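K.L.:
Using full-length UniProt numbering, the final residue of the sequence shown is 292, and nothing's skipped along the way.
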Amino acid sequence: LEDEVTRFPATAESEDADGEAGGPPTDGLIAPLSDDNDDDADEEDPQGDTTCHGDGRCFRCAHCGQTFSSKALWRAHARTHPGEKPFACSICGKRFSFKSALPAHERTHTGEKPFACSVCGRSFSVKSNLTKHSVVHTGEKPFACLLCGKRFTAKDSLIRHSHAKKHTGEKPFVCSFCGKRFSFKSNLSRHAKEHTEEKRFACSHCDRRFTDEKHLTTHIRIHTGDKPFVCSLCGQSFSKNLKAHSSTHTGEKPFACSLCGKRFTRKATLVPHARIHSALSKQHSRKALDLS
C-alpha cells in the first residue's frame, strides 16, 4: 500500500479530514492520480465530485474509478460497494454500510419508538413509518393507478392493486386442489384453507361447511334472503357488494381495459371483455403461423 498511495505532509488542514477513526480497508481501493489521468477524472464526473485540492490530493475508487477530493468523501463512497459494512450492531452483530442506519436497527431490539403521531399518539421506531401512517388522518392519497385513476395512501397498496391483473382479469395463481384461479397469491392462500383446514362452521340450512365464520354468515343470506346493505340513493338492498351497485348512480367506471381503454363499472364485466382481446390475439398468431 505504501507504493499505491501518495503521502502528503500532515498539516492542520489535511490531517484526518473526515474526523472519523478507522475506515474501510485501503488495499486496492484508493490510488493517487497522476498528471496523465487527472484530466480524465474531471471528465468522468461532471457533477464536480472529483475536484482535487490545489496540492493534488485526490482519492480514486478502484472499484468504479470515481475520484474524490478528501478521504472522508472516498470512505463514504467506498461503503456503497458490496461488502463494505463497517458499522456493527452491538446486540446481534448485523452490519451496516452507514452509521446513520444503525440507530434505527437497534430500536428493533430495544422496542423504543420515538416518533409519535400528533393526532392519535401511535408511536413508531422509524420516522418513515410515521410519515406513511399520517395519511390515515389527512385522507391524502398521493398514489394513483394509471389505468383506472383509483388512488391509494401507500405505494405498496397501489402496487398490489396494479400489476394490470386487477384490470385485465389475469389470474395466474391456480389452486392445486380444484383448479380455481386467482389474480393474487394472497387470495389463493386464503382459498387453499378451504381444502386443507377443518371446516368447523356448518350451515344449518344445507350441507355446506366453512373454515371462516364470516363466510358462513354471507352464505346463510342465500337461504334467509337477508339483505343488510342498503343503497342510500335508491334504497335498493343487497346481501353483499353494495360498492358495485353504487357505481350505477355515480357513473364511475373504475375498471379499464389496458389494451383498448374501454371502461367498465364492474370487474365481472371487464373479465369477459378482456378475453375477447386474448382470443383475437390467439387467432392472429395462428394466422401468422399459417402464412409462414
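C-beta atoms are modelled at their ideal positions from N, C-alpha and C, and glycine is treated no differently.
Quick caveat, the model's predicted, so the values are computed rather than measured.
Starting from VAL136, follow its DSSP beta bridges and name the residues at the other end.
P.N.:
Paired residues: none, contrary to the question.
K.L.:
The alpha helix (DSSP H) that contains SER247, what's its start and end?
P.N.:
Per DSSP, SER247 belongs to the alpha helix (DSSP H) from 242 to 250.
K.L.:
Do SER125 and GLU140 have their C-beta atoms closer together than 8 Å?
P.N.:
No, Cβ-Cβ distance for SER125 and GLU140 is not below 8 Å.
K.L.:
For LEU270, count neighbouring C-beta atoms within 10 Å of its own C-beta (all shown protein chains included) and say buried if the count is 16 or more, exposed if not.
P.N.:
Buried, because 16 or more other Cβ atoms sit within 10 Å of the Cβ of LEU270.
K.L.:
Could you check how far apart the C-beta atoms of PHE115 and PHE98 are, in whole angstroms? I think they sit under 8 Å.
P.N.:
Going by Cβ atoms, the distance from PHE115 to PHE98 rounds to 19 Å, so no, they are not a contact pair.
K.L.:
Entirely within the UniProt domain "C2H2-type" (87 to 114) and at least 3 residues each: give me those beta strand (DSSP E) ranges in chain order.
P.N.:
Listed in chain order, nothing qualifies, since the UniProt domain "C2H2-type" (87 to 114) has no complete beta strand (DSSP E) run of 3 or more residues.
K.L.:
Cβ-heavy atom distance between ALA78 and the ligand FAD below 7 Å?
P.N.:
The ligand FAD is not among the ligands present in this structure, which contains no ligands whatsoever.
K.L.:
Given 8 Å as the limit, is there contact between the region 119 to 133 and the region 228 to 238, that is, 3 or more CB pairs closer than that?
P.N.:
With a cut-off of 8 Å, the region 228 to 238 and the region 119 to 133 do not count as touching, because too few Cβ pairs lie within range.
K.L.:
Run the CB neighbour count on CYS58, radius 10 Å, all protein chains shown included, and call it buried at 16 or more, exposed below.
P.N.:
CYS58 is buried by the Cβ-count criterion.
K.L.:
Is the beta carbon of CYS89 closer than 8 Å to that of LEU73?
P.N.:
No.
K.L.:
By how many angstroms is the C-alpha of LEU242 removed from the C-alpha of THR248?
P.N.:
So the two alpha carbons sit approximately 11 Å from each other.
K.L.:
With DSSP run on the structure shown, which of helix, strand or coil describes THR80?
P.N.:
Residue state, collapsed to three classes: coil.
K.L.:
To the nearest angstrom, report how far apart HIS81 and GLN66 are at their CA atoms.
P.N.:
For HIS81 and GLN66, the distance between alpha carbons rounds to 12 Å.
K.L.:
If you measure between the beta carbons of CYS178 and LEU188, is that distance less than 8 Å?
P.N.:
No; because the gap between Cβ atoms is not below 8 Å, this pair is not in contact.
K.L.:
Could you tell me if ARG60 is buried or exposed, where buried requires 16 or more neighbouring beta carbons within 10 angstroms of its beta carbon?
P.N.:
It is buried - the Cβ of ARG60 has at least 16 other Cβ atoms within 10 Å.
K.L.:
Is ARG208 helix, strand or coil by DSSP?
P.N.:
Residue state, collapsed to three classes: coil.
K.L.:
Tell me the start and end of each unbroken alpha helix (DSSP H) in the UniProt domain "C2H2-type" (173 to 200) that is at least 4 residues and wholly inside, in chain order.
P.N.:
Listed in chain order, the complete alpha helix (DSSP H) runs (minimum 4 residues) inside the UniProt domain "C2H2-type" (173 to 200) are 185 to 196.
K.L.:
Under the three-state reduction of DSSP, which class applies to VAL119: helix, strand or coil?
P.N.:
Residue state, collapsed to three classes: coil.
K.L.:
Looking at the structure shown, is THR224 part of a helix, part of a strand, or coil, going by DSSP?
P.N.:
In this structure, THR224 counts as helix in the three-state DSSP scheme.
K.L.:
What number of angstroms, rounded off, separates the C-alpha of ALA202 from the C-alpha of HIS273?
P.N.:
When rounded, the distance between both Cα atoms is 37 Å.
K.L.:
Spatial neighbours of THR153 within its chain, please: CB distance less than 6 Å, with the 5 preceding and 5 following residues excluded, ordered by chain position.
P.N.:
Once the five neighbours on either side are set aside, the close Cβ partners of THR153 are VAL135, LYS141.
K.L.:
Is DSSP giving ALA256 helix, strand or coil here?
P.N.:
Three-state DSSP puts ALA256 in a strand.
K.L.:
Hey, how far is the Cα of THR110 from the Cα of ILE91?
P.N.:
Using only the alpha carbons, I get a separation of about 10 Å.
K.L.:
When DSSP labels each residue in this structure, what does SER239 get in the three-state scheme?
P.N.:
The answer is coil: DSSP assigns SER239 none of H, G, I, E or B.
K.L.:
Measuring CB to CB, does PHE182 end up less than 8 Å from LEU158?
P.N.:
For PHE182 and LEU158, no; Cβs fall outside 8 Å.
K.L.:
Is the beta carbon of LYS150 sitting closer than 8 Å to the one on PRO254?
P.N.:
Yes; because the gap between Cβ atoms is below 8 Å, this pair is in contact.
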